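Peer 1: Got a structure for you, written out below as structure tokens; questions coming shortly.
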Amino acid sequence: SAVISQKPSRDICQRGTSLTIQCQVDSQVTMMFWYRQQPGQSLTLIATANQGSEATYESGFVIDKFPISRPNLTFSTLTVSNMSPEDSSIYLCSVFGSAGQETQYFGPGTRLLVL
Amino acid sequence: EDQVTQSPEALRLQEGESSSLNCSYTVSGLRGLFWYRQDPGKGPEFLFTLYSAGEEKEKERLKATLTKKESFLHITAPKPEDSATYLCAVAKNYGQNFVFGPGTRLSVLP
Numbered sequence: 162s163a164v165i166s167q168k169p170s171r172d173i174c175q176r177g178t179s180l181t182i183q184c185q186v187d188s189q190v191t192m193m194f195w196y197r198q199q200p201g202q203s204l205t206l207i208a209t210a211n212q213g214s215e216a217t218y219e220s221g222f223v224i225d226k227f228p229i230s231r232p233n234l235t236f237s238t239l240t241v242s243n244m245s246p247e248d249s250s251i252y253l254c255s256v257f258g259s260a261g262q263e264t265q266y267f268g269p270g271t272r273l274l275v276l
Numbered sequence: 042e043d044q045v046t047q048s049p050e051a052l053r054l055q056e057g058e059s060s061s062l063n064c065s066y067t068v069s070g071l072r073g074l075f076w077y078r079q080d081p082g083k084g085p086e087f088l089f090t091l092y093s094a095g096e097e098k099e100k101e102r103l104k105a106t107l108t109k110k111e112s113f114l115h116i117t118a119p120k121p122e123d124s125a126t127y128l129c130a131v132a133k134n135y136g137q138n139f140v141f142g143p144g145t146r147l148s149v150l151p
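Here it is as structure tokens:
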């Protein structure tokens, strides 16, 4: 399995501001995934981040709102831009296990509250 | 459209009272079905992967089974520490994103 850390673990932000969430993995991985989990809801994929190329966004999510960086094979950031209270969620990054493994492993999440 | 549903939405059990959680899926060409446990305020913790109908996996008090249309997570003699939300997810193709179900919130009372 992969060991994943996220920063910050939680934050309270004012509407109109932006927050960048960091995700660090203990091994090199090709794909990293960013999910959102709204209160009481299940996980929804925001985008897939591949190193060396632009992220691929799911329907309903756009790069201007959720820009993603993937500078190397162990690190990625997700920015939540121009936040509104509707952005209050848990944001999770995940990766596949070791090469050839098909199971996704998740970070501890970032709890975001937008006032 | 790929879809995953879970039932019941919430389940309360007495300690030691065995039960099962259901995950039904509609996916053409299932690659794998995954069970996760999620505690409040934390990321999902991987439990099992199932790949083909008839497959079973066990871990302590949990056993996961898979048919062509659904999966069950059986909990035998649960303890209060088994209280969590249990999520299932399906993968259609290798390396592709997962589709998650809404989860079952399990509460085990002492």
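Note that the protein sequences, when read in sequence, are chains A and B.
Position one of the first sequence corresponds to residue 162 (the working numbering), numbered consecutively onward.
Position one of the second sequence corresponds to residue 42 (the working numbering), numbered consecutively onward.
Using N, Cα and C, we set each Cβ at its ideal position, and we do this for glycine too.
Small disclaimer: the values here were computed from a predicted structure and weren't measured.
#1: Nearest by alpha-carbon distance to S249/A: which of A163/A, I165/A, S162/A and C174/A is it?
#2: Between the Cα of I116/B and the Cα atoms of T145/B, Y66/B, G70/B and E42/B, which residue gives the shortest distance?
#3: Could you please give me the residues that DSSP links to R171/A through a beta bridge?
#4: Residues bridged to A130/B by DSSP?
#5: S61/B to N233/A, Cα distance in whole Å?
#6: Applying a beta-carbon distance threshold of less than 8 Å, which residues of chain A neighbour G82/B?
#7: Nearest to Y196/A by CA position, among V190/A, D187/A and L206/A, is which residue?
#8: Ignore the nearest five residues each way along the sequence and tell me which others in F267/A's own chain have a CB closer than 6 Å to its CB.
#9: Please return the same chain residues whose Cβ sits closer than 7 Å to the Cβ of T217/A, not counting the five positions on each side in sequence.
#10: If the cut is a Cβ gap below 9 Å, which residues of chain B does E263/A touch?
#11: Do you know whose CA, among S69/B, L54/B, G57/B and L74/B, lies nearest E42/B's CA?
#12: What are the complete beta strand (DSSP E) segments, minimum 3 residues, inside the segment 170–243 of chain A?
#13: Hey, V241/A and S179/A: beta-carbon distance below 8 Å or not?
#14: How close, in whole Å, do the beta carbons of P81/B and L128/B come, if the pair is a contact with beta carbons under 8 Å?
#15: Can you list the residues of chain B that S159/A reaches, using a CB-CB cut of under 9 Å?
#16: Cβ of T191/A within 8 Å of Cβ of T238/A?
#17: Whose Cβ in chain B lies nearer than 8 Å to the Cβ of T209/A?
#18: When you compare the CB of P143/B with every CB in chain A, is at least one pair closer than 8 Å?
#19: Among residues of its own chain, excluding the 5 on either side of F75/B, which ones have a beta-carbon nearer than 6 Å to its beta-carbon?
#20: For F222/A, would you say it is in contact with chain B, using Cβ-to-Cβ distances shorter than 8 Å as the test?
#21: Beta strand (DSSP E) containing T90/B: first to last residue?
Peer 2: Quick answer:
#1: Closest by alpha carbon: C174/A.
#2: For the set T145/B, Y66/B, G70/B and E42/B, the Cα lying nearest the Cα of I116/B is the one of T145/B.
#3: Beta-bridge partners assigned by DSSP to R171/A: R272/A.
#4: Note: A130/B sits in a beta bridge opposite F75/B and F141/B.
#5: For S61/B and N233/A, the distance between alpha carbons rounds to 42 Å.
#6: Among the residues of chain A, those whose CB is under 8 Å from the CB of G82/B are I251, G270 and R272, following chain order.
#7: Nearest option by C-alpha distance: L206/A.
#8: These residues qualify, in order along the chain: L253 and S255.
#9: If we look at T217/A and ignore the five residues flanking it on each side, its Cβ neighbours are A208 and T209.
#10: For E263/A, the C-beta contacts it makes with chain B under 9 Å involve R72, G73, F75, T90, Y92, A132, Y135 and G136, in order along the chain.
#11: Selected option, being the one with the closest Cα: S69/B.
#12: Considered as a whole, the segment 170–243 of chain A harbours 171–174, 180–186, 192–198, 204–211, 229–233 and 236–241 as its complete beta strand (DSSP E) runs of no fewer than 3 residues, in chain order.
#13: Yes, they are a contact pair.
#14: Contact flag wrong, Cβ pair sits at about 13 Å.
#15: Here chain A has residues from 162 to 276 only, and residue 159/A is not among them.
#16: Not closer than 8 Å, so no.
#17: One finds N138 in chain B with Cβ atoms closer than 8 Å to the Cβ of T209/A, taken in chain order.
#18: Taking a beta-carbon distance threshold of 8 Å, P143/B counts as an interface residue toward chain A.
#19: Answer for F75/B: T90 and A130, listed in chain order.
#20: It does not: the Cβ of F222/A has no partner Cβ on chain B nearer than 8 Å.
#21: Run containing T90/B: E86 to L91, per the beta strand (DSSP E) assignment.
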